[in-house]
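Chain order of the listed sequences is A and B.
Going by this note's numbering, the first residue of the first sequence is number 1, and it counts up by one from there.
Going by this note's numbering, the first residue of the second sequence is number 302, and it counts up by one from there.
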Amino acid sequence: MIQIEHLSKKYRGGAYALQDINLTIQEGMVGLLGPNGAGKTTLMRILATLISPSSGSALVNGKPLGHAEQIRQMIGYLPQQFQVYPQLTGADYLDYVGVMKGIGDRRRRKEEIDRLLEEVNLKDKARKKVRTYSGGMKRRLGIAQALLGSPQVLIVDEPTAGLDPEERVRFRNLLTRFSLGRIVLLSTHIVADIESNCRQIAVLDKGKLLLAGEQPDLAAYGQGKVWELLVDDRAYAALDPMSIVSTQRTEEGLLCRIVADEPPAAAAAAGRFKAGLSPSLEEGYLALLQTGRKAGGDRHD
Amino acid sequence: MTKFQSQLGLELKLLFRSPVLLLIQFLFAGTAAYTFEAAASSTFSNLYERAYSFHSVAQSLSVGIAVQIGILMIRRDIRRPSFEWSRSLPLSFGMLLAAKFTAGMAYLSVFTIAAAALFAGFSAGEGIAGPVYMGHALHFAGMYEVSYAITLALAMLLAVAIPNRVVYLIGFCAWMFGTFFMEQFIIYRYQLYALKVFHLSQLFIENGIGGEKELWGYRIMDEERLLSNLFVLSFVLLLLTASAAVLNKQRPTFHFRRSLLVAGSAALLVVAAYIPYGIVWKERFDSYNSKLLDPNVPTFDEARLDRSSFAVRGYDIKLEKGKKDLLKGTAVLDIAVSALHNQTEINLTLNRAFQVRSVSIQGKETSYTRLGDFIRFSLPKPLPTSISVTVDYEGTLMDFQKRRGSEFYNAFVKEHNVLLPSYIGWYPLPGKQPVYLRDSPSSVVAGPTYFNKTVSLSRFRLRAIGFGPKLYSSLPQTVQDASGQTFEGSAAANVNLIGGQLVEVRSSSIPAVVITTPYYEKSARDQLKLWERQYAYFHSWLPSLEQSPIREVLFVGDHYNLSSWWFNSNRSTSLFMDPGVFFQEDNKRAEGWMNRQLLGVRTGDYLIEDTRSDVRIPLRALFWYLYYREEMHLTERQIRMGEARSIMLDGLNDGSNDPDQIGLKMKDQVEAALQRGRNEEVKQVLKRMYERGLEIPDLETEETAKSAPISYADWMDVWKQVMGNE
């Protein structure tokens, strides 16, 4: 379990990357959602003991952040950007990481590396130098190194970036299997990445925690805020682009699904909208961001 | 496999699998091999000195590589966001930096091993004894490693502290400053010699203090170097621990305070290591400043006008070297009272580095006053016809002097390395001798820098004990036994002593020995063969050549102006010759030896301003002219065209001193006689001239020397007597 209390990270200029975060993360896959710049990476770097928080505390499986050496023994980490020494082969690299993670027995290390290479579909390329790998292959190698040693806590920052759809699915399933009895903290700004696998969800925006709960909690934010409109081109242009979830051209006009507190006035006047729609997770997420921003804006005002 | 081993293995792979870095190593080794091969294949060049020059430059350049890989090793992962995964691994920065440093040193050590091994290999090929070349090779290796260690650690700290790529530029500046500019613009310009320890290329900086010379060279700096290296290595530790502390500040760690404590301890260690090194320099500066502040150190004019000197009839000196290079001396001076000119008190000069234990006159201890380098005491009344003064003294000698911005050592006794010029006052000299002269209000220099004071000739006996390998003196050695050596001379101006790693090259046909350093031995043997041939030629018609006093030739590289003070008496039995002296061609050095043995000194040639009144200079050259014609079978035309390439023939045309070209006329006379086959008559003429004495001593400094001019008319008289009226 990871317990985060009043955690803040303030940069030299005075800006907050994280502000007063309180969050409890249980076993299983946890999706950390938020737009770019929300503070997801900062939170993950703090939990991976790469940087210190400005204030607040966190316990990772009962270990405070100050005991960084002990935390590093139990985590696997894949950063958002991942590069490896190009001169090494994939197998050599993983062997090095294995030793660093304390897998001293060579045979056990080899067995685990072979298994992971199989799982990330790099078995055939294991003896090739990393400089010959594609971007996706490097990403998969990064996933393998994070999984090596079966860490109790896996922290993966936007792990699916650069992977093709087939690899994304493969990877999600891999993480889901791995998360049994462990914590897998996965950050992304793509809702689909967590939709199928993450029961727990935390949403960050502008350094603040907007939501911590389960998938239905997030979807519930869209309740009564999802509208389906049929508009012509001119009315479509007048819509707030940030609220449009999807658009479909039909014979009658453009069928749009939007997230908003109220249907647009013109559509409401024409009576060409449908209310009471069941919100998806993404729509709940958008509704939450809109709510959060309004609340933030109100406070600023 | 431990984490350290794994990290080290990774770092080694990354360094040794880089084609560029490997190419640099091959280029370095290739250049070293080429340089050493060129030096080894030349008979006349000194492999050690060539190697030293190479090392001092090549190492300074390769230090640049240490800077680059130091920065590179940090920036390629620790400083790259895309390698952030590595920082999440349970590996401490201390271990990481230790592995990187070890790998960097392993890579750089290839340069060290290549440089030392190639030097050792080529030295062995030259027939140099194993202990000799291994000593040098280990010195080179040690200096390489220390320089690399400090440079690498510095570069790593720079890269840790400066996240921007500008660190490469800063590293480049640090390299340039730490190797080439620091010496010129800081250390020597402001005479901050103690800062040498911060120089990134120790071999480069040693070069300026005679380190490149085979005799003595770096060996006299053993103590300073040891202390300097201890300081540098502790500084390396500080840089590495500081790097770890900086990194630990950036990444959370439970052990941050501990890393600060370790860095702080390393800083204390640096301070502690600097203290003994600083003391060495403090002692040197104190010694130098004491001379500077001493009102008894004379100016040039005061020394020139001083008349306190007197003749000493005889010296009997016992000098013993004890532990820690402590010299204990007892000097008995036999002085004729007539030489004292009714003085009631006299001065002796003994270097201030020696403490006087007692002064006795006729065996009875007497009181004395010590003023700087001078000992003053009253003479007994009434005065006997001769007095015997005994001085007991002891001390250590490492005479430091600032010279033209650089550091210089006028005299020293460091283990087997001995440099004791008489002028430094290592035994009591008569009167007030200018051991040091006040050059300017802020500078004191060694006496002979400006001034060679006339010294009367004395009878000397010197017993040297405890100096280890053989000492060499300007006096002939009469006894060598297990306990020491005895040198004796009946008419010597002074006694100089040197000792060090020297070898003797003996000839079976010449009653002389060449004393040289191991790396000049091959060259000395070749020169000795030429000398033997020349000696055989001249001896065949000048049997009295056997009477020549020259018995020893010291053939060593000169950093200490030995040539200027070694032989100031034309009765010297030994001759100093710096291999670096210009002889038009390398293989002409033997001519210098033969010339001195055959014709004696010509130190007073500057006093002959007109050949019309004295033809000794062209006359001396005629001997060599005959040698080249008869023995070397050169024709007149070949000699005129310069094929002899001999500096010895220059005297035939003495330029402005010979407006009537008398030298050439004499040569033409000889040439014409040779054309007629009258070689023997020419030899008779030269032999008669030879018997009159062709030596040209400097009467300004040696008043008792004999110097008899030979006029052109004298020459013509003898010529006509032998040749008839042709």
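Every residue, glycine too, gets a C-beta built ideally from N, C-alpha and C.
Per DSSP, residue i is paired with what?
| i | result |
| --- | --- |
| B/Tyr-728 | B/Tyr-728 is not bridged to any residue. |
| A/Trp-227 | A/Ile-258 |
| B/Phe-701 | B/Tyr-710 |
| B/Arg-1095 | Residue coverage of chain B in this structure runs from 302 to 1027, which leaves residue 1095 of chain B outside it and unanswerable. |
| A/Asp-205 | A/Lys-208 |
| B/Ala-632 | B/Ile-618, B/Val-692 |
| B/Glu-805 | B/Ile-816 |
Taking only beta-carbon positions, decide if residue i is within less than 8 Å of chain B.
| i | result |
| --- | --- |
| A/Gly-222 | no |
| A/Phe-171 | no |
| A/Gly-62 | no |
| A/Arg-72 | yes |
| A/Lys-101 | yes |
| A/Thr-49 | yes |
| A/Ile-113 | no |
| A/Ala-68 | yes |
| A/Tyr-77 | yes |
| A/Tyr-16 | no |
| A/Gln-248 | no |
| A/Gln-152 | no |
| A/Phe-82 | yes |
| A/Gln-3 | no |
| A/Val-97 | yes |
| A/Gln-290 | no |
| A/Leu-7 | no |
| A/Ile-133 | With the sequence shown as reference, residue 133 of chain A is identified as Tyr, and Ile is not the correct amino acid for it. Closer than 8 Å: no. |
From residue i to residue j, what does the alpha carbon distance come to, in whole angstroms?
| i | j | result |
| --- | --- | --- |
| A/Ala-68 | B/Met-396 | 16 Å |
| B/Thr-912 | B/Ile-918 | 8 Å |
| B/Arg-826 | B/Gly-310 | 51 Å |
| B/Leu-504 | B/Leu-419 | 17 Å |
| B/Asn-958 | B/Asp-999 | 18 Å |
| B/Gly-431 | B/Glu-822 | 15 Å |
| B/Ala-765 | B/Gln-786 | 5 Å |
| B/Val-1031 | B/Asn-896 | No answer is possible for residue 1031 of chain B: it lies beyond the span of chain B, which begins at 302 and ends at 1027. |
| B/Leu-846 | B/Asp-595 | 50 Å |
| B/Asn-869 | B/Met-878 | Confidence is the limiting factor: at B/Asn-869 the pLDDT is only 49, short of 50, which leaves the residue's position unreliable, though a coordinate-based value still follows. When rounded, the distance between both Cα atoms is 14 Å. |
| B/Ser-560 | B/Ala-546 | 5 Å |
Do the CB positions of residue i and residue j come within less than 8 Å of each other?
| i | j | result |
| --- | --- | --- |
| A/Leu-23 | A/Ala-219 | no |
| A/Gln-3 | A/Leu-59 | yes |
| B/Val-461 | B/Leu-548 | yes |
| A/Ile-387 | A/Ala-91 | Outside the modelled stretch of chain A, which goes from 1 to 301, sits residue 387 of chain A, for which no answer is possible. |
| B/Gly-748 | B/Leu-738 | yes |
| B/Asn-652 | B/Ser-723 | no |
| B/Ile-451 | B/Phe-536 | yes |
| A/Leu-116 | A/Gly-136 | no |
| A/Asn-61 | A/Val-191 | no |
| B/Lys-988 | B/Trp-842 | yes |
Would you please verify whether the beta carbon of residue i is less than 8 Å from any beta carbon of chain A?
| i | result |
| --- | --- |
| B/Glu-385 | yes |
| B/Lys-304 | yes |
| B/Pro-553 | yes |
| B/Pro-320 | no |
| B/Ser-544 | no |
| B/Arg-381 | yes |
| B/Lys-401 | no |
| B/Arg-558 | no |
| B/Leu-548 | no |
| B/Ser-307 | yes |
| B/Met-878 | no |
| B/Leu-311 | yes |
| B/Val-391 | It should be noted that the sequence gives Pro, not Val, for residue 391 of chain B. Yes, its Cβ sits closer than 8 Å to a Cβ of chain A. |
Could you tell me which whole alpha helix (DSSP H) segments of length 4 or greater appear in the segment 64–128 of chain A?
As far as the segment 64–128 of chain A is concerned, its whole alpha helix (DSSP H) runs of at least 4 residues are 68–72, 90–100, 106–119.
What are the start and end residues of each continuous alpha helix (DSSP H) run of 4 or more residues lying completely inside the segment 940–1009 of chain B, in chain order?
The segment 940–1009 of chain B contains these whole alpha helix (DSSP H) runs: 963–976, 980–993.
Below 8 Å between beta carbons is the criterion; list the residues of the segment 133–149 of chain A that meet it against any residue of chain D, in chain order.
The structure shown contains no chain D; the protein chains it does contain are A and B.
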